[in-house]
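full-length UniProt numbering applies: residue 1 is where the sequence shown begins, and numbers increase by one. To keep things clear, I will list the structure first and then write my remarks on it.
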Amino acid sequence: MSRRSCLECPLFIPSRSYCLKLKSRVEDPLSPPCKTLPSHEQRVQESAVEQLPQPVQQSLLPQQESSLPVNYPYGEAAVPDPSSSPPYPALRYQQGLVLQSTELFAPTGVPGLDEILGGGFLRGKTYLVAGEAGCGKTIFSIQFLIHGALIGEPGLYIAIDEPTNQLLRGLRLFGWDLGDLISSRRLMFLDMRTHFSKIYLRDERKHIEPRYIIEQILAAARKINAKRLVIDPIAPLVYGGKEEDVLYAREFLREMVFAIEKTGELTTILTSEIPTGSSKLSRFGVEEFLASGIIVLGIEEIYGNVERVMYIRKARWAPVKPSKYIFDIVSGRGIVIREPLSEYIKRVSRSAR
């Protein structure tokens, strides 16, 4: 059914005058351009032969010698082994569907999300990406860092649960070979897993000052002039597992977020794992209050179909109401938003009748 105005359509973002279906700006919302589109069958045929974007050429990146590992007191900086890495063009990244970097916003690199948020993440602020295991939190975070690296904003990834060599190997299998971005110091992966396991085994956690860890993170960020930071996940960084540690962890988180945001340089993603069936957004109940935005990734069964769902629960200073979207995880591209959940339910319910 055709609509008389774009303002009636859930695919239209009024704050940006942007159509998610057409992936372009709409000059006159009162005259929907989709009225002149070809038939649905023709659009499906055209979308089925959509060409993947050309890979980023290696020559476009500054060629520098691989940097030596940086000796941090608690971890290792990942430096790729050129002999084991496929060529950089294996990183296929869809450009052109996201907004360019601005002084106010840091584009996320997720096609469609920046238009929904009105430009991306606020620069220098902290965002929480929460979800059950396997819902795409790490992919979302890496996609955010890759996009920043490609537009001149170096990024630092703090790996807590998974060794960086295993993470980078998995990313190569996914279609993202980050060797050149790391060797050119556009990305740095810092492995803190070994350090924190030693702390907990020796019961030394309470002797470690939060400021010490924060200063080390910021020092690593300065090494590459980082503009983006990911801590994945946040809970093991500050929590020893004991009930009395909760108050300590909350104060630690407050101090860390305030210190990072005080620099005004780092747009930060903290990831948080939600236990299956839980309504909580974080381990300690304070992360969501410190964050300027909250994105919840989940899996829902809708009319017998199991779909990935992104819930934009909070977006401070953005004209966005809480909303859900169906998304896919595409090899070599990452997270791609398909359509609003409400539109998906309408379409599937009609076909189920």
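Glycine residues also receive a C-beta, built at the ideal position from the N, C-alpha and C atoms.
Length of the line joining the Cα atoms of residue i and residue j
i, j, result
"Gln166", "Gly334", "18 Å"
"Arg123", "Ser323", "22 Å"
"Leu218", "Pro275", "30 Å"
"Ser349", "Tyr303", "7 Å"
"Thr271", "Leu104", "23 Å"
"Lys346", "Cys34", "19 Å"
"Arg338", "His147", "19 Å"
"Lys223", "Ser279", "39 Å"
"Lys262", "Ala235", "21 Å"
"Thr267", "Phe121", "8 Å"
"Ile299", "Glu307", "6 Å"
"Ile214", "Arg254", "11 Å"
"Pro233", "Asp161", "7 Å"
"Arg172", "Ile182", "13 Å"
"Cys9", "Pro340", "11 Å"
"Arg185", "Gly119", "26 Å"
"Val79", "Gly134", "With a pLDDT of only 39 at Val79, under 50, the local geometry of the prediction cannot be trusted, and no value is derived from it."
"Gly277", "Leu168", "30 Å"
"Met310", "Tyr325", "5 Å"
Reduced DSSP category for residue i - H, G, I as helix; E, B as strand; rest coil
i, result
"Arg254", "helix"
"Gln57", "A caution first: Gln57 carries a pLDDT of 37, below 50, which makes its placement in the model too unreliable to give a value."
"Thr276", "coil"
"Leu122", "strand"
"Asp161", "coil"
"Arg313", "strand"
"Lys324", "strand"
"Ile337", "strand"
"Arg169", "helix"
"Val330", "strand"
"Ser349", "helix"
"Arg211", "helix"
"Ala318", "coil"
"Ser149", "One detail in the question is off: residue 149 reads as Ala in this sequence, not Ser. Note: Ala149 maps to helix in three-state DSSP."
"Cys135", "coil"
Residue i and residue j closer than 7 Å at C-beta
i, j, result
"Gly155", "Arg228", "yes"
"Val296", "Arg313", "yes"
"Leu128", "Glu273", "no"
"Pro29", "Leu7", "yes"
"Tyr157", "Phe189", "yes"
"Gly332", "Gly175", "yes"
"Val230", "Ile269", "yes"
"Ala149", "Leu113", "no"
"Ala159", "Asp191", "yes"
"Ile142", "Ile329", "no"
Proximity test, residue i beta-carbon vs the ligand SAM heavy atom, cut-off 6 Å
i, result
"Cys34", "What this structure holds is no ligand at all, so the ligand SAM is not there to describe."
Bridge partners - residue i, DSSP secondary structure assignment
i, result
"Ala130", "Ser272, Val296"
"Gly155", "Leu187, Arg228"
"Glu301", "Val306"
"Ala221", "Note: Ala221 sits in no beta bridge, so no partner."
"residue 363", "Here the chain covers residues 1 to 353 and nothing more, so residue 363 does not appear."
"Thr267", "Arg228"
Selected residue, minimal CA-CA separation from residue i, among the options
i, options, result
"Ala318", "Leu30, Ile116, Lys125", "Ile116"
"Glu301", "Tyr344, Ile329, Pro210", "Tyr344"
"Arg250", "Leu173, Pro210, Asn225", "Pro210"
"Ala221", "Gly179, Val246, Gly264", "Gly264"
"Glu153", "Thr108, Leu168, Ile329, Leu22", "Thr108"
"Ala291", "Ile326, Lys125, Gln216, Ala352", "Lys125"
"Phe327", "Lys321, Val320, Val336", "Val336"
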